[in-house]
Each structure stands twice: as C-alpha cells, then as structure tokens.
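Protein chains in written order, with the working numbering: chain A, 721 to 989; chain B, 721 to 989; chain C, 721 to 989; chain D, 721 to 989. Think of the CB as a built atom: it goes at the ideal place given N, C-alpha and C, for glycine as much as any other residue. As the structure is a computational prediction, the values presented were derived from the model and not from experiment. Down below is the structure, laid out as structure tokens.
Number of protein chains: 4
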Amino acid sequence: MVKVADDPDTHIGGRTLAIIAGPCSVESMDMLRETARGVRAGGARLLRGGAFKPRTSPYAFQGLGASALKMLASVRQETGLPVVTEVMDPRQVETIAEHADMLQIGARNMQNFSLLSEVGKVQRPVLLKRGLSATITELLMAAEYVMAQGNRDVVLCERGIRTYETATRNTLDIAAIPVLRKETHLPVIVDPSHAGGRADLVAPLTFAAIAAGADGIIVEVHPNPAEALSDGDQSLSIEAFGQMMRALQPFAEAAGRTLPESALVTAAA
Amino acid sequence: MVKVADDPDTHIGGRTLAIIAGPCSVESMDMLRETARGVRAGGARLLRGGAFKPRTSPYAFQGLGASALKMLASVRQETGLPVVTEVMDPRQVETIAEHADMLQIGARNMQNFSLLSEVGKVQRPVLLKRGLSATITELLMAAEYVMAQGNRDVVLCERGIRTYETATRNTLDIAAIPVLRKETHLPVIVDPSHAGGRADLVAPLTFAAIAAGADGIIVEVHPNPAEALSDGDQSLSIEAFGQMMRALQPFAEAAGRTLPESALVTAAA
Amino acid sequence: MVKVADDPDTHIGGRTLAIIAGPCSVESMDMLRETARGVRAGGARLLRGGAFKPRTSPYAFQGLGASALKMLASVRQETGLPVVTEVMDPRQVETIAEHADMLQIGARNMQNFSLLSEVGKVQRPVLLKRGLSATITELLMAAEYVMAQGNRDVVLCERGIRTYETATRNTLDIAAIPVLRKETHLPVIVDPSHAGGRADLVAPLTFAAIAAGADGIIVEVHPNPAEALSDGDQSLSIEAFGQMMRALQPFAEAAGRTLPESALVTAAA
Amino acid sequence: MVKVADDPDTHIGGRTLAIIAGPCSVESMDMLRETARGVRAGGARLLRGGAFKPRTSPYAFQGLGASALKMLASVRQETGLPVVTEVMDPRQVETIAEHADMLQIGARNMQNFSLLSEVGKVQRPVLLKRGLSATITELLMAAEYVMAQGNRDVVLCERGIRTYETATRNTLDIAAIPVLRKETHLPVIVDPSHAGGRADLVAPLTFAAIAAGADGIIVEVHPNPAEALSDGDQSLSIEAFGQMMRALQPFAEAAGRTLPESALVTAAA
Numbered sequence: 721m722v723k724v725a726d727d728p729d730t731h732i733g734g735r736t737l738a739i740i741a742g743p744c745s746v747e748s749m750d751m752l753r754e755t756a757r758g759v760r761a762g763g764a765r766l767l768r769g770g771a772f773k774p775r776t777s778p779y780a781f782q783g784l785g786a787s788a789l790k791m792l793a794s795v796r797q798e799t800g801l802p803v804v805t806e807v808m809d810p811r812q813v814e815t816i817a818e819h820a821d822m823l824q825i826g827a828r829n830m831q832n833f834s835l836l837s838e839v840g841k842v843q844r845p846v847l848l849k850r851g852l853s854a855t856i857t858e859l860l861m862a863a864e865y866v867m868a869q870g871n872r873d874v875v876l877c878e879r880g881i882r883t884y885e886t887a888t889r890n891t892l893d894i895a896a897i898p899v900l901r902k903e904t905h906l907p908v909i910v911d912p913s914h915a916g917g918r919a920d921l922v923a924p925l926t927f928a929a930i931a932a933g934a935d936g937i938i939v940e941v942h943p944n945p946a947e948a949l950s951d952g953d954q955s956l957s958i959e960a961f962g963q964m965m966r967a968l969q970p971f972a973e974a975a976g977r978t979l980p981e982s983a984l985v986t987a988a989a
Numbered sequence: 721m722v723k724v725a726d727d728p729d730t731h732i733g734g735r736t737l738a739i740i741a742g743p744c745s746v747e748s749m750d751m752l753r754e755t756a757r758g759v760r761a762g763g764a765r766l767l768r769g770g771a772f773k774p775r776t777s778p779y780a781f782q783g784l785g786a787s788a789l790k791m792l793a794s795v796r797q798e799t800g801l802p803v804v805t806e807v808m809d810p811r812q813v814e815t816i817a818e819h820a821d822m823l824q825i826g827a828r829n830m831q832n833f834s835l836l837s838e839v840g841k842v843q844r845p846v847l848l849k850r851g852l853s854a855t856i857t858e859l860l861m862a863a864e865y866v867m868a869q870g871n872r873d874v875v876l877c878e879r880g881i882r883t884y885e886t887a888t889r890n891t892l893d894i895a896a897i898p899v900l901r902k903e904t905h906l907p908v909i910v911d912p913s914h915a916g917g918r919a920d921l922v923a924p925l926t927f928a929a930i931a932a933g934a935d936g937i938i939v940e941v942h943p944n945p946a947e948a949l950s951d952g953d954q955s956l957s958i959e960a961f962g963q964m965m966r967a968l969q970p971f972a973e974a975a976g977r978t979l980p981e982s983a984l985v986t987a988a989a
Numbered sequence: 721m722v723k724v725a726d727d728p729d730t731h732i733g734g735r736t737l738a739i740i741a742g743p744c745s746v747e748s749m750d751m752l753r754e755t756a757r758g759v760r761a762g763g764a765r766l767l768r769g770g771a772f773k774p775r776t777s778p779y780a781f782q783g784l785g786a787s788a789l790k791m792l793a794s795v796r797q798e799t800g801l802p803v804v805t806e807v808m809d810p811r812q813v814e815t816i817a818e819h820a821d822m823l824q825i826g827a828r829n830m831q832n833f834s835l836l837s838e839v840g841k842v843q844r845p846v847l848l849k850r851g852l853s854a855t856i857t858e859l860l861m862a863a864e865y866v867m868a869q870g871n872r873d874v875v876l877c878e879r880g881i882r883t884y885e886t887a888t889r890n891t892l893d894i895a896a897i898p899v900l901r902k903e904t905h906l907p908v909i910v911d912p913s914h915a916g917g918r919a920d921l922v923a924p925l926t927f928a929a930i931a932a933g934a935d936g937i938i939v940e941v942h943p944n945p946a947e948a949l950s951d952g953d954q955s956l957s958i959e960a961f962g963q964m965m966r967a968l969q970p971f972a973e974a975a976g977r978t979l980p981e982s983a984l985v986t987a988a989a
Numbered sequence: 721m722v723k724v725a726d727d728p729d730t731h732i733g734g735r736t737l738a739i740i741a742g743p744c745s746v747e748s749m750d751m752l753r754e755t756a757r758g759v760r761a762g763g764a765r766l767l768r769g770g771a772f773k774p775r776t777s778p779y780a781f782q783g784l785g786a787s788a789l790k791m792l793a794s795v796r797q798e799t800g801l802p803v804v805t806e807v808m809d810p811r812q813v814e815t816i817a818e819h820a821d822m823l824q825i826g827a828r829n830m831q832n833f834s835l836l837s838e839v840g841k842v843q844r845p846v847l848l849k850r851g852l853s854a855t856i857t858e859l860l861m862a863a864e865y866v867m868a869q870g871n872r873d874v875v876l877c878e879r880g881i882r883t884y885e886t887a888t889r890n891t892l893d894i895a896a897i898p899v900l901r902k903e904t905h906l907p908v909i910v911d912p913s914h915a916g917g918r919a920d921l922v923a924p925l926t927f928a929a930i931a932a933g934a935d936g937i938i939v940e941v942h943p944n945p946a947e948a949l950s951d952g953d954q955s956l957s958i959e960a961f962g963q964m965m966r967a968l969q970p971f972a973e974a975a976g977r978t979l980p981e982s983a984l985v986t987a988a989a
C-alpha cells in the first residue's frame, strides 16, 4: 500500500479505490480551483494537474511551469486534496517534490533512467506510467530503477499501449492489471482518459478496469472540455465525472472494493 | 437481438447475458457430455465445441470433423443446449448448418469473403470473430459481407488483437466493446480465453468485458485442461467455470444485466 | 526453384530476378493489353492481374471475375507472359488453374486452410502472401499446408505487416527476407506496392528488397493510375515502371543477380 | 549536411556514406583500441562507443561512465576517429560534449524533451534515434525540439520499431528512409544492429538501407562478440565488419554513393 497522505482515502492499494482526477494542464487558478472542488464533490481524493507538459511538438502549449506548481499547492491548501503532478527532468525533482505529494513519471519517460533514479532518491510516492510500447516486464524493471534508490512507494499505471487500431488513441491493455497483480505487490491504477482518448469511453473503461482488479483510476476532468488547452477530447466535464462516480459504485462493490467515503455520501444523496 | 433458439436465455443482445461455454475441440463423446452438463450447471446456455479446427500447423490436431458434428448434435439433444461451432470452408456451410445452431467464423477467416457470403445465405445466426489484426471498421465491413446476403443475425466477438506484448497470447481490446456499441446495433460478446491465453486471466477479463458493456462471453471449458488436445493452457475446469459464474453475478447486476435463469438459481444455492 | 513456365526468365529463385507486374484489377481488355505490353517492354516476365478481388467492403469493386480470367488468358496468348492471379475460394481453384499459370493466395487468406489445401492439390505454382500480422513462422506453416498436399512449388511473398505507423499502408518487414532465406529453401519475393501503399515508395523499396536478397518483385502497374478502380495510389505508370527497372539493374548486379534478358536489352538501349 | 569533423568522410548527408562503427559499450582501453583500429581499417570514419548505457534492468551492466569517456577521447587521439556516444541525462550534456564529437540520443529518450532541449544548446551534432514505437512525425517533432534551441546539426536514425514479430529484435522500417527523405532535409542513417538484433542480419539490412537511400549506418562491432558485456548477439566481429564493407561497395555505387576513401583503398586491396 502506498500512502500519499494521512487520509486513508489517499492510500493506494487497499480496499478503498484511489480516485485521482483533475485537469490535463493547469490553465489558470480559477479553472484549477473549480475543477478541484468539482472532483472532490464527485468523490476524488487526489488532484492531478500538469505544470510541465510533455508535448510531441515543441511549438504546442507546454504548461505554465513553476507558476502552475504554486497554484496546485494553493488549491491543495484550500481543498485538502493532495497533488499529483508530472516531473520530466531530473533537475526539477527536488522543486516539484516540495510542492507536490506524488510525482508522476509520464509514459514517454518510463525508460528515462536518470529521471527514475532521481525520483528514487526523494521521499515522495511515484506514479509510474507504462510506456507507449513497453512490455509489462519493462514496466516492472522501470519500477526497480526507482526502488533501487530507496524509494519503495511506486504505483504502476496502465494507460494504453500503441497498436495499429485507430478508433482509439491507444489500446487499453486490460489484461495487464491481473498480470501485474500476480507479478508484483505494487498497486496498479488505470488512466482511462489517455487509453481511449475519447470522453465517451472513460466511463466504460473505468468500470472495466475496476472489474479487472485495478486499485484506482487517474482521470482528466475539465470545467469546459471544449476549451481545454490540451486533451480536451478525452476530458470529462465535472458533471460527467460525478455521474461516472455514481455509476462506478456497484462495480466497486462487485470487485470487493469501496469508494472514498465522501463519494459514498454523494452517491447516496 | 439475435435469437439462437426459442429459450430467451439463448437470445444475444438483450438484458440477459449470453454465456457460451464448452471445449476448444470435441475430443470424444464422453468429454463433450461431461463438459456440456458441467457448463449448463454452471449457467451456460449455449455450447461451444470445435469439430473442424484451424491450426497454424497442418501437422497439429485438426479436430474430429464430421463425427464431432454428430456428437455435438447428440449432446444438444441430451442437454438442450444449442450448439455453436466453427465453419472454415464454404463447402461445409450447408452440412454444419444442419447440425449446429450458430455458425462461428474464426479470427483467421474474418476476411475470407467467400465464406462470409456463404454463411450469409443460410438461416443460422453467425458468430463473427475479429481478425488478429483487424480494425473495428474491418470487423464491421466483414459483418456487412454476411448481411448483404440476407442473413442479419450476426454477433460480433472481440477476442484480442495481436500486439508486441508477450505476457498474454493476444491483447484484449476492451475499448472495442463501447466503440462497437456506438457504431452498430449488432450484439458484441468477448472471448476471454483466446484474448489472454491463460486460464488465470479468464475471470478478470470476463468481469471487465461485462463491465464495459459486452452482451456475453464465449469461454473454453475442459473437464481436465491439463490433458486437452488443444488450448489447454487457456481452458477453465468445470469447477473454475462455475466459480467464475458465481463471481460474475454482481458485475452483471452492476452493468444492468442478468445471468441466464438457472445460473441465478445455482448462484443462490 | 519454382518454374512457372518453360522460359527461364519465369523461373523464380535462381540467378535471374522474377519480375511480376500488371494491374491490381483487370478493368478491361484494352487496359490489360496495354499494361501487359508496357510491362513486358519494361522487363517484366510474368503478368499479374486480379480477376476476383478481396475488398474490405462488400460494396467496393469486386473485380470482373470470370470474364477477367478470359482476358488474362487471351493477353497471355498475345504477349507470351504467364499469368498470376488470385484465388479466394476453394471452389474456384480448378477453374482458375485452367486459365492461370500461377495461383496467388492473398494476405487475408494466408490462414484460410481449406484454400491452402485445395491449391496444394493442383499442378500450379502458388504465390503465398504473408498475412497482415502473420509471423514468419506462421507463413512457413501456411506453406506447409500447401506442400503437405503434394504441391511443392510455393513462392513466399513479403508484402508488409500491420503496425502503428500510418505514414505507409503497411510496414515492409525487410528483415523477413534474410530470415526466410536461412529458414527455407522456398523462393521469396516482395510486393513493394502493397507494402508502402504509395507509388513514390515502390522504387526505393524494390531496390532495398533486392539488396536484402529477394528473388524478385510483384508490382502494380496501371496505364493511368489516377483512374484505377482499385489501388491507384500505389500503382506505377508504365513509364515509371520502365524507369525503375533501368535503375534496378546495378542493384541486381550488386546482389549477384541479373534481370530478365529483355530487360537488359531495354536498359542498354 | 552535418559535419562532425573537418575530414569530409565525417560529413553526413553528402555523396560519401557515413560509416559509424564500434562497440556497444566501452569495456576496456584494450578492446576499444582494438575495435577502433579494426573498424578504421575496414572503412569506418566515426567511432561509436557507449559510456553510459541505458539498460532495461538497473541490475544489468550500466557502462563504465566517465572513465569510458576518457578512453574514447584517448582512442580518438590515437586513431583520428571522431567519437559518437550516448547522452542520457541533461546534466551530462556539457561534460560529454567536451569529450565527444557527436551526441547520441537513444531510442528510449527520443521524447525526453528536457534532454532534447539541452543538446540543442551545445555546439555538437546530434544523432537522434527513432523511439521504439515512434511515428515518423514524432521523430521529426523530436528533432524540432533540438533545432528550436539553435542546434541545427541533427542526424536521424532509423533503428527498427517494435512489432508483434519475434524473429527479430525490432522491425526495421525500411520505408522510413524514403519517407524521411521527402519530408526533411536532415540526413538519415540506419542502425542495422539494433534493428535485427542478430549479427547475421547486419549485412543484408545494411545493403537494403543504402539501396533505399540512407546516408550511412551505425553498426556494433566487437573484437569478440561472444564475450561482449552487452549486445553480443548483434555485434559483428572486426573481420565480419570488413567483409561487409567490401560487399557494400557495389550497392553504394548503385545508389550513387561512395564509401569513405580509405574503405575504397581497402576494398581494392
């Protein structure tokens, strides 16, 4: 079990599902605050938000950087939601670790061994995303790079692999969940937003992931997906996120899991 | 909705999940009878069994052929379970249609257009498996080959696609289920046995498939998987099948579905 | 060595490269005749032409069928070029074998085992194309299905495999050529037209294939690619084919091969 | 054209093919010196050698690090061969740029955007390898990350992509060469060692690459491949490298290219 904060609802790998939600990129203080409150009301207990964004093109929006880190820290203060954000450069690790509660290693950096070693040296849980065409074995070996430096708090994330199919952005390798559960003690969560690349697929992929044994999800939510600066096609609105969480409840139960406490309250209301 | 027989539990695409189970290949009358009784007790309402087997090597076991067809028809008589079996050659269609209730087109023949046209001309529902590297669009176009000949009773089957990952036999494209549900009225089932290629993955993949919206499953069951002439690694024992069906019940409910009636009785017992 | 006709330039697998060219589909007697004369002048010694076309959609042009077979036989008479054409249905094998000199099994039918067995029973060389996502081992096993019936005259064809890359129609697996040369005595040719799916890639892929050790090529040529009923994007004009053949000459020599005799005459002119 | 050193034989992208050869990892001064002399005699004009090695497992040999850099610089002095070596961490860029003539970005770091930006800031040509499942467009965008910082001297390297085929380590995407030549002015070379992962495939893949239009190769050579600490299966012996270079000569000519001058001398001898 990986404990992101004291609140048991932020512990990943136990009976309670980890629900991480938030915008792809932090675009402004207002949108971040609105999203954080919305996803908390919907049942999320951890806030995701990109400050430094890895983009295929150097000419695309690259994130707000350091100022986004401050916004994340500030909204954490307001909402009580611990923050998960991506680190892309070994030289950023220390600074980001000061502002964030969990460090995300993105798919493109899964075999960035310098970065893996660096996050292995700090006292922050690591969310390690599977590379675009990484095997399960390679994902486990990447986790070893972190743990070999002393940091054992690694959470694995299946986020879809690259295949020939073009109907979806990636192909969610749902079988990776039970395979990983047999091969490692590390918690495994799923990113249904990147896996499908389509907002309409987020809910069914989430239900499938939990049914297959995942310990949680990390999902992109935006107050107004149509105007998102990045990944708008795959972001849920705050309302759609709430609906999905309510529909998730019976699947969580069927899987012998429970949702974070306040999500249960919300669902009952 | 595709009606394989009069029994509503054999209608595919409605509220009741279609549960198709049985051996990869029919190996003998005894094993077929034992399996059929076992899977019926576990909740299956349709019997699968290979008479003509497509094998990568011409020197591997090719199935018992015509005599297996007779065994299937005879066990159908005894158990009341309609029979699903694969047809590989346009010249076999008529004969197999006499003995079987549903004709399966295997993954390797998904774009065997002569065969598709031929099964389009008979009055038997068709179970069309997705090709090893077929796109969703190609699967839908293959179904059109059948329907263009007048036979509208086509059920699509996601059975895993070929990727670089070697931990599993294929990669179950779980997102294909919700994608297909948006693009076609045809029912969609999943084959968790071929997708994972491992008996220990059949249950989690089944739960995930139903959670993602599948209309049923087709699963390989063998009285003694260790001695199966084909696909032993991925076959469930009769007991494991029964356990899985009991565990499936809450996932079916969460998905707004129900199991075939007798499965419910069994589960309650 | 597989001998398609008496002319040594039609023997595949020896020092002389096999050059098979012609239209994707036979569209009319005029276009077929024009193409045949054009490719013969350019150095081809075998004529390809589709009579029965496997198309993803049942509503796309399916080929002229039996009448195209007659046109092919007639143009063979006029030009002396032996004919290679695809067979898609075991029931067609006998008829097509009467009109054609070499039977092609298309990529989608590589594991159509009934069809493979049927062409194994006739006295015609078989051109077996690799399936869209077939492994090299599966290709060799498919050839065994033909040879197990007594027909040893099988030529293998690498035509690109399906990958995530979308810049080309398929990904030419150039390494399959030397791998196959180590694992089988069967001749290996390459289809640069389907591999790349782009006319501008046909020449470089051809040069690469011969440099890697291929025994020949099968290439699509059309008198007016812009108006082709199928595969226009990847068809060479007659003129472009001639240019490519002239440029191929030094690569053939570098590989210890020679072009068919008249191609040499043309190149010298 | 990218000029690695003053010697015209080290300019990449002109009429003369770039031949980069050397060991996967620098294992000792003796083996490096022996290899460097051997590949120079065979016709190489640039020396590759890994100091910092990216390995899937943190427990595998990681390279000799800083001491290897010194060996490379020393052997450059002795042999006159400019040195190409991999940089894995933005904090290493400056140091490595002091010792090496060309900085290699490995496949796993193709989308390590911090690293790309950092090498974009130094005055050293960059060898950018295509990621394991990167599209051609993504490779070009990665090059933009370097060039956007002011460093225009980027050479692209096709080194095989990840597919389902297991007969080879990767699948050399030979069509990427002509596609890239149409889409960018940047030189394109090929790594036949990683593409095939087998020493016996290096020569045919090299011939194919040059025939398809590549501007050169980067190839692994080891004095005793059977005892290599890494990548022994795919390394050529010094003798095999020399043989391959002699056999390459007519293919280079057919492609309108020439080998480095001394290679010609050797070949004539």
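Using a Cβ distance threshold of 8 angstroms, isoleucine 930 (chain D) and glycine 762 (chain D) do not count as a contacting pair.
Assigned with DSSP and collapsed to three states, glycine 936 (chain C) falls in strand. Between the region 921-930 of chain C and the region 752-766 of chain C, the count of C-beta pairs closer than 8 angstroms stays below three; the two stretches do not touch.
Chain order gives the chain D residues near alanine 868 (chain A) as Pro778, Tyr779, where near means a beta carbon separation below 9 angstroms. In the three-state DSSP reduction, isoleucine 881 (chain A) falls in the strand class (E or B). Secondary structure at arginine 765 (chain B): coil, using DSSP grouped into helix, strand and coil. Among the residues facing chain B, arginine 811 (chain C) is included, as its CB has a counterpart in that chain under 8 angstroms away.
In the DSSP assignment, glutamate 806 (chain A) falls within the beta strand (DSSP E) that extends over 803-806. Note on the region 725-754 of chain B: whole beta strand (DSSP E) runs with a minimum of 3 residues are 738-742, in chain order.
Looking at the backbone, the Cα of methionine 721 (chain C) and that of alanine 946 (chain D) are separated by about 36 angstroms. Contact between the region 764-779 of chain B and the region 854-874 of chain C is established, with three or more Cβ pairs separated by less than 8 angstroms. Comparing C-alpha distances from alanine 771 (chain C) to each of C:Val813, C:Glu798, C:Thr799 shows the shortest one belongs to C:Val813.
The C-alpha of aspartate 873 (chain C) is placed about 27 angstroms away from the C-alpha of arginine 775 (chain C). Per DSSP, reduced to three states, the secondary structure at threonine 926 (chain D) is helical.
Within the same chain, Cβ atoms closer than 6 angstroms to the Cβ of valine 807 (chain D) are found at Val813, Ile816, Leu823, the five residues on either side in sequence being excluded. Here the alpha carbons of alanine 896 (chain B) and glycine 976 (chain D) stand approximately 48 angstroms from one another. The alpha-carbon of proline 912 (chain B) is positioned some 19 angstroms away from that of asparagine 944 (chain B). Counting other Cβ atoms within 10 Å of its Cβ, histidine 914 (chain D) reaches 16 or more and is therefore classed as buried.
Contact holds between the region 879-896 of chain D and the region 847-858 of chain C, because three or more Cβ pairs, one in each stretch, are under 8 angstroms apart. Contact between valine 875 (chain A) and leucine 906 (chain A) holds, since their C-beta atoms are separated by about 7 angstroms, short of 8 angstroms. The DSSP-derived three-state label of isoleucine 894 (chain C) is coil. Here leucine 847 (chain A) is actually not in contact with tyrosine 865 (chain A); their C-beta atoms are around 15 angstroms apart, not less than 8 angstroms.
In the three-state DSSP reduction, methionine 791 (chain B) falls in the helix class (H, G or I). Rounded to whole angstroms, aspartate 920 (chain A) and glutamine 954 (chain A) show a C-alpha spacing of 8 angstroms.
Within chain C, the residues whose beta carbon sits less than 7 angstroms from that of threonine 883 (chain A) are Tyr884, listed in sequence order. Not flagged as an interface residue toward chain A: asparagine 890 (chain D), since no C-beta distance is shorter than 8 angstroms. The C-beta of phenylalanine 927 (chain B) comes closer than 8 angstroms to at least one C-beta of chain A. Secondary structure note for leucine 823 (chain B): it is in no alpha helix (DSSP H), and the uninterrupted beta strand (DSSP E) holding it is 822-825. Look at the region 828-850 of chain C: the residues with a C-beta under 7 angstroms from a C-beta of chain B are Arg828, Asn829, Gln831, Asn832, Phe833, Ser834. The beta-carbon distance between valine 941 (chain D) and valine 759 (chain D), rounded to whole angstroms, is 5 angstroms. This is short enough to meet the 8 angstroms contact definition.
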